[in-house]
Amino acid sequence: MSADLVIGQTDFTSFSTGTSATKLKNPRNLAFDSSGDLWVLDNLNERVLRFSLNLVLQFLIQFDLY
């Protein structure tokens, strides 16, 4: 699942580790905002990623995690 917003780099492909959930480097803090979007601090890549509520729900349903 790719993030739909990345803060800390100019695009979604600047770092070789990628923006998908399986390519984070030392993810730290997680938070949900008032819209239900998930924010992840990708510590060693020095960036913050946003996963929209819709993406999070699709992921949970796809892997039967709800």
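So in numbering that gives the first Met the number 0, the last one in the sequence shown is 65, and the numbering has no gaps at all.
Backbone N, C-alpha and C fix where the C-beta goes; we use that ideal spot for every residue, glycine too.
For residue i, which residues in the same chain have their Cβ closer than 7 Å to its Cβ, ignoring the five residues on either side in sequence?
i, result
"aspartate 32", "Trp38"
"asparagine 25", "Asn42, Leu43"
"asparagine 28", "Leu40"
"glycine 7", "Glu45, Arg46, Val47"
So for residue i, helix, strand or coil by DSSP?
i, result
"leucine 37", "strand"
"leucine 52", "helix"
From residue i to residue j, what distance separates their C-alpha atoms?
i, j, result
"leucine 48", "phenylalanine 62", "21 Å"
"leucine 40", "leucine 56", "19 Å"
"serine 51", "aspartate 36", "4 Å"
From the DSSP secondary-structure annotation, give me the bridge partner or partners of residue i.
i, result
"alanine 30", "Trp38"
"isoleucine 6", "Val47"
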